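Student:
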Amino acid sequence: MSEALGLVVFGLAIGSIYSLVAIGFSMIYRATGLVHFAHPDLMMIGGMIGYTLATRTGLPMPLLFVCSGLSVAGLSWLIDRVGFRPIRRQAALLNLIIATIGWSIILVNVALFVWGTAPLSYPQEYLPKGRTIGGIVIVPQNLAMLAVALAAMVALHLFFTRTVVGQALRATAENPVAAQLMGIRIERMMMLTFLMSGFLAGGAGVLVASIVYANFDLGLIGIKSFAAAVLGGFGQVGGAMVGGLVLGLVETIAAFYVSSAYKDIVAYTLLILILLVRPEGLLGTGRARRD
Amino acid sequence: MTISWRRRFWTPTSGVTVAALVAVPPLLASSPYYLFLLNTIAVFVMLALGLQLVLGYGGILQLGYAGFFGLGAYTSAVLTVHHGWPFPAAFVAAMVVAVIGALVMSPIVRLHDVNFAMATFVFGLILELVYNQWSAMTNGPIGFRGIPPPTLLGLTVREPEHYYYLLLAALLAEYLLISRLLHSPFGTVVRAMRENETACRTAGVDVTRVKVTLLLVSSAIAGAAGSLLAHMNGFISPPTFGWATSVAVLMMVVLGGVRSLPGAIVGAVVIRLVVEQTSVLGQYSNIVFGVALVLFMAFLPTGLAGLVGRVSARVPWAGRLGTGSVPS
Amino acid sequence: MTGPVLETERLSKRFDGLVAVDAVDLRIDAGEIRGVVGPNGAGKTTMFNLVSGLYRVSGGRVFLSGRDITQAPPHVRAAAGLGRTYQTPQIFPDLSVFDNVAVGLAGSRPPSLRDALVGRRRDWDGMRARVEETLDFLELSPGAAAAAGLSFGEQKRLEIGRALIGAPRVLLLDEPAAGLNRSEIDALAELIRAIRARGVTLVLIEHNMKLVMGLCGLITVLDFGRKIAEGTADEVRRDSRVITAYLGRTDGARV
């Protein structure tokens, strides 16, 4: 019994990593229509920055989270400002997406330069002894991830539905032209989106890197976040959360019962199957289009 | 911009181009490296044209293209090495398997815009994972060695020069195929769908069937290219058929300019050359590549073909992906 | 005695609690020019979307020449003889005038891969002739330039051409007169009569009452998604419910 519990907790923990990145990813799509392939690499940068801060300054974990989050938020905004804003109006969406791929390459290589190729472990203090449930080690970070992801989701939901700014953001995502006519400053909204999602990614990076390691290819984890976001319903913040958790659970269960090697295939295949049955994702509200 | 039904392929321009292409190997006979490079470029030109058809003309955001490339390569390799199939049969089988793969994926055509794109992306990931992990069949990350050179009509094609002609023939066949497709009523419908899918539906177009057809054709092309690559190099490994390659081919199409076949060719040549030459810059090559990508997207959205004015000024997909919204 | 060419039976559409179309019954016989009128937001275009298959019905059924098409996807309905145009002309801006209309053949002659690969030029001569004939009928010249360059009125005619080439039994026109000037509207009326003379039944959504009264034999009036009146121009004009519906709104139409 405790074995199943351990699996669930671990799966949720992994899932919440995906959720955090997926939420940011979904937000960006919701607000700007952009599929931001560099987003997972922002998470990676967050983890790297956290590493540097941890080794140089020894700040406690929560502060690391915040500092990294803020740094990456700034970076995310900068990338938008420099890379996307100037071209948003005339560039095709496909071009913007490819541009994000370009930024992904840039970020990965910058990390390579600054931090080198070897995986870097956070100092011992940051990885306290975890509890073992059913043969699986649960660390405080796992719970923190879960908590943060939940908090983020609730906060974002409230933000999008209850605050004026949040509703303005949604309006911008739905119909930029109309929003602009209504007096909503689109650029401001988008800047906010990039800041917020960057913060989440940066913080998530610290949590992940402290458990695993800090390395330039941490963004690969992020690829699964795409899957998570799609699974839950692209553009739905709640869906990103659910999608991430579900993916984490499926992956953990598959690793346990099938094999660690094939866990990814199982997870992805499940994703595609779910999409076939429910094309708009688990929580998605697709437009009423019939085919 | 109008494309009439059935244009002549053999014009003075195309005739000269083909003649020039045929004359290349003798000129380069002394440097096998360049011939090899040329052959590699040729394979990627095949891929770029295939993706141009489905993405550029069809507007279908196929992000997992390299996976089908791999299906063809591995099918051809396994059949010839493990089962002793002759090359022509393996080549055909490669295409068939790629098409089957596309058929399996085809139900996702119903998906909305981004979900569809992400589903193709995930499908590509799945295929790459399969190549890496199904060691019994694909030999895993180590790669598949010992793929024999193709034997056609009794002749074994070993020399790069001869392989060049094989590739050239395949390329010409592919170009003709795509050209015929586009210069037909089918092609008109494809281009119309890209502009206004809803109008097409109420005009009687079975949009799903057309999209699936495009997917199948482009996958067959990728499969063929995969087979040709496998037998050319004698060795294949999973990274060649993953996201990085999908991105590279994507860039070729965008660089060349969407909706331009010659553009895709130029794009393929340029990107492939860049990839080959990046070693020159050493460590900095990747960053330069990334920066170049960003700059290029910013300043040349319609690609090289747009520069030449061959592509209309209307930028595709300004705004959301897809045109499936219902006018109310 | 054949049945109606287009019929809806308690056709309804709900959007998350908002009832856009409420149990509308329609019977349109062959050869009619039916007008569908009503204040803005009455659900007219939504009803067209239901009939042409762009929306799933929340209730009720749709019949085309007696055949139940309620579950059929849009392209099947088009192939069965249902054509439509939109409030804002949904043309293909980058395609030529010829190509725009040619797409309309997809219902009767589905574009096939094999046809594209193996087909010869002359196999398509028949199609080409039909396109040219339709363009001629609509007084549009083929040309190679992109359709985006056409005037608004020409674009509307182009869209009608695309719908017409499929030889539909019923043609749904959504506000065909919107945005046209006086003489264009007169030409439109002529065109509509000419189309009817070819054996096509027409259903028009229109706000231009003069046009509707002059062209249509019967008029159906919708308000808040419900049918509130139906009859000849005179009957409808005098119907108190219709008057209330229009006077009670700030965006009534010219009568």
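Chains as they are written, first to last, in this note's numbering: chain A, 62 to 352; chain B, 716 to 1043; chain C, 5 to 259.
The beta-carbon is built from N, C-alpha and C at its ideal position, and this holds for glycine as well.
Here the structure is a predicted model, which means the values were calculated and not measured.
Counting Cβ pairs, one atom from each stretch, are 3 or more of them under 8 Å apart for the stretch 114 to 132 of chain C and the stretch 895 to 906 of chain B?
Tutor: Output reads yes: the stretch 895 to 906 of chain B touches the stretch 114 to 132 of chain C.
Student: Answer yes or no: do Gly266(A) and Met88(A) have a C-beta to C-beta separation smaller than 7 Å?
Tutor: Residue mapping note: residue 266(A) aligns to position 205 of the first sequence, counting from 1. Residue mapping note: residue 88(A) aligns to position 27 of the first sequence, counting from 1. It is not a contact, given that the beta carbons lie outside the stated cut-off.
Student: What residue range is occupied by the uninterrupted beta strand (DSSP E) comprising Phe67(C)?
Tutor: Locating residue 67(C) in the third sequence gives position 63, where the first residue counts as 1. Gly63 to Leu68 is the extent of the beta strand (DSSP E) around Phe67(C).
Student: Please list, in chain order, the chain B residues whose beta carbon lies closer than 8 Å to that of Pro8(C).
Tutor: Within the third sequence, residue 8(C) is the residue found at index 4, counting from 1. Under the 8 Å cutoff, chain B gives no residues; its nearest Cβ is about 21 Å from Pro8(C).
Student: Locate the beta strand (DSSP E) running through Thr12(C), then write down its first and last residues.
Tutor: In the third sequence, counting from the first residue as 1, residue 12(C) sits at position 8. Thr12(C) -> beta strand (DSSP E) spans Leu10 to Phe19.
Student: Whether or not the stretch 192 to 211 of chain C and the stretch 954 to 968 of chain B are in contact is what I'm after, with contact meaning three or more pairs of Cβ atoms, one per stretch, closer than 8 Å; do they touch?
Tutor: In short, these stretches do not touch, since the Cβ pair count stays below three.
Student: I'd like the list of long-range same chain contacts for Ala808(B), defined as Cβ closer than 8 Å, with 5 residues on each side in sequence excluded.
Tutor: Mapped onto the second sequence, residue 808(B) falls at position 93. If we look at Ala808(B) and ignore the five residues flanking it on each side, its Cβ neighbours are Thr790, Ser791, Leu794 and Trp800.
Student: Which residue or residues does DSSP assign as beta-bridge partners of Ser112(C)?
Tutor: Walking along the third sequence from the start, residue 112(C) turns up at place 108. DSSP lists no partner for Ser112(C).
Student: Using 7 Å as the threshold, is the C-beta distance between Glu234(C) and Thr224(C) below it?
Tutor: Counting from one through the third sequence, the residue named residue 234(C) turns up at place 230. Counting from one through the third sequence, the residue named residue 224(C) turns up at place 220. Going by C-beta atoms, Glu234(C) is nearer than 7 Å to Thr224(C).
Student: What residues of chain B sit near Gly170(C), judged by a beta carbon separation below 8 Å?
Tutor: As a position in the third sequence, residue 170(C) is number 166, starting the count at 1. Near Gly170(C) (Cβ distances below 8 Å), the residues of chain B are Ala918 and Gly919.
Student: Which residues of chain C have a Cβ atom closer than 9 Å to the Cβ of Ala825(B), listed in chain order?
Tutor: In the second sequence, residue 825(B) corresponds to position 110, counting from 1. Looking at the sequence provided, one finds Arg at residue 825(B) rather than Ala. In chain order: nothing, as chain C lies at least about 11 Å away.
Student: Excluding sequence positions up to five away, which residues of its chain have a Cβ less than 8 Å from the Cβ of Pro747(B)?
Tutor: The sequence position of residue 747(B) within the second sequence is 32, counting from 1. Excluding positions up to five away in sequence, the list reads Pro875.
Student: So Ala92(A) packs on Met251(A), CB below 8 Å; how close in whole Å?
Tutor: The sequence position of residue 92(A) within the first sequence is 31, counting from 1. The sequence position of residue 251(A) within the first sequence is 190, counting from 1. With 8 Å as the limit, Ala92(A) and Met251(A) qualify as a contact, their Cβ atoms being about 6 Å apart.
Student: Say the cut is 6 Å; is the CB of Thr161(A) nearer than that to a heavy atom of the ligand ATP?
Tutor: What this structure holds is no ligand at all, so the ligand ATP is not there to describe.
Student: I'd like to know if Leu896(B) contacts chain C, where contact means its C-beta is closer than 7 Å to some C-beta of that chain.
Tutor: On the second sequence, residue 896(B) is found 181 positions in, with the first residue counted as 1. Interface residue, yes.
Student: Determine the extent of the alpha helix (DSSP H) in which Thr917(B) is found, giving its start and end residues.
Tutor: Taking the first residue of the second sequence as position 1, residue 917(B) is located at position 202. It spans Glu912 to Thr917 - the alpha helix (DSSP H) in which Thr917(B) sits, taken as one unbroken run.
Student: With a 10 Å radius around its C-beta and 16 neighbouring C-beta atoms as the bar for buried, classify Pro180(C) as buried or exposed.
Tutor: To locate residue 180(C), count along the third sequence from 1; it is residue 176. The residue in question, Pro180(C), is buried, as its Cβ has 16 or more Cβ neighbours within 10 Å.
Student: To which residues does DSSP link Asp178(C) through a beta bridge?
Tutor: If you number the third sequence from 1, residue 178(C) lands on position 174. Partner(s): Ile209(C).
Student: List, in chain order, every chain B residue whose beta-carbon is nearer than 7 Å to that of Pro78(C).
Tutor: Here the question's residue 78(C) lines up with position 74 in the third sequence. Within chain B, the residues near Pro78(C) are Arg916 and Thr917.
Student: My parser needs the alpha helix (DSSP H) runs of 4 or more residues fully inside the stretch 79 to 162 of chain C; what are they?
Tutor: Listed in chain order, they are 101 to 106, 117 to 122 and 129 to 141.
Student: For Pro822(B), return the contacting residues in chain A, with the cut-off set at a CB-CB distance below 7 Å.
Tutor: Reading the second sequence from its first residue, position 107 is the one you call residue 822(B). Leu337, listed in chain order.
Student: For Asp29(C), is the classification buried or exposed, using 16 other Cβ atoms within 10 angstroms of its Cβ as the cut-off for buried?
Tutor: By one-based count along the third sequence, residue 29(C) stands at place 25. Classification of Asp29(C): exposed, given that the 10 Å Cβ count is below 16.
Student: Assign Ala884(B) to one of three DSSP states: helix, strand, or coil.
Tutor: The residue labelled residue 884(B) in the question sits at position 169 within the second sequence. Of the three classes helix, strand and coil, the one that applies to Ala884(B) here is helix, per DSSP.
Student: Taking Gly342(A) as the reference, give the member of Ala918(B), Ser975(B), Asn830(B) and Leu891(B) with the closest Cα.
Tutor: For the purposes of this step, residue 342(A) is taken as the residue at position 281 of the first sequence. Gly342(A) has its Cα closest to that of Asn830(B), out of Ala918(B), Ser975(B), Asn830(B) and Leu891(B).
Student: Just to confirm, is the Cβ distance from Arg916(B) to Pro78(C) under 7 Å?
Tutor: Mapped onto the second sequence, residue 916(B) falls at position 201. Mapped onto the third sequence, residue 78(C) falls at position 74. Against a cut-off of 7 Å, the Cβ pair of Pro78(C) and Arg916(B) comes out as a contact.
Student: Are Phe126(A) and Gly264(A) closer than 7 Å when you measure CB to CB?
Tutor: The residue you call residue 126(A) lines up with position 65 of the first sequence. The residue you call residue 264(A) lines up with position 203 of the first sequence. For Phe126(A) and Gly264(A), yes; Cβs fall inside 7 Å.
Student: Output needed in chain order: residues of the stretch 88 to 104 of chain C with a Cβ under 8 Å from some Cβ in chain B.
Tutor: Going along the stretch 88 to 104 of chain C in chain order, one finds Arg88, Tyr90, Gln91, Thr92, Gln94, Ile95, Phe96, Pro97, Asp98, Leu99, Ser100, Phe102, Asp103 and Asn104 with a Cβ nearer than 8 Å to chain B.
Student: Can you give me the C-alpha to C-alpha distance between Gly229(C) and Ile37(C), rounded to a whole angstrom?
Tutor: For this step, residue 229(C) is matched to residue 225 along the third sequence. For this step, residue 37(C) is matched to residue 33 along the third sequence. So the alpha carbons of these two residues sit roughly 21 Å apart.
Student: Looking at the structure shown, is Ile37(C) part of a helix, part of a strand, or coil, going by DSSP?
Tutor: If you number the third sequence from 1, residue 37(C) lands on position 33. If DSSP states are grouped into helix, strand and coil, Ile37(C) belongs with the strands.
Student: Please go through the same chain and pick out, in chain order, the residues whose beta-carbon is closer than 6 Å to the beta-carbon of Tyr878(B), but skip the five residues on each side of it.
Tutor: Residue numbering aside, residue 878(B) sits at position 163 when the second sequence is read from its first letter. Once the five neighbours on either side are set aside, the close Cβ partners of Tyr878(B) are Asn754, Val872 and Met947.
Student: To the nearest whole angstrom, what separates the beta carbons of Leu136(A) and Phe145(A), a pair I think is in contact under 8 Å?
Tutor: Locating residue 136(A) in the first sequence gives position 75, counting from the first residue. Locating residue 145(A) in the first sequence gives position 84, counting from the first residue. In fact, because the Cβ distance is near 13 Å, the residues do not count as touching under 8 Å.
Student: State whether the stretch 273 to 293 of chain A contacts the stretch 171 to 186 of chain A, with contact taken as three or more CB pairs (one from each stretch) at a distance under 8 Å.
Tutor: Yes: the two stretches touch, three or more of their Cβ pairs being nearer than 8 Å.
Student: Closer than 8 Å by C-beta to Ser1043(B): which residues in its own chain qualify, once you throw out the five before and the five after it? Chain order, please.
Tutor: The count along the second sequence starts at 1 and reaches residue 1043(B) at position 328. Residue confidence for Ser1043(B) is low, a pLDDT of 34 falling below 50, so the modelled location carries little weight; the figure read from the coordinates is stated next. Hits under 8 Å: none found.
Student: With DSSP collapsed to three states, give me the class of Thr178(A).
Tutor: Position 117 of the first sequence holds residue 178(A). Correct three-state label for Thr178(A): coil.
Student: When we look at the beta-carbon of Ala734(B) and count the other beta-carbons within 10 Å, is it buried (16 or more) or exposed?
Tutor: Translated into the one-based positions of the second sequence, residue 734(B) becomes position 19. Ala734(B) is exposed by the Cβ-count criterion.
Student: Please determine, among Val169(A), Leu230(A), Leu261(A) and Gly259(A), the residue with the shortest C-alpha to C-alpha distance to Glu405(A).
Tutor: It is not possible to answer for residue 405(A), since the shown part of chain A is limited to 62 through 352.
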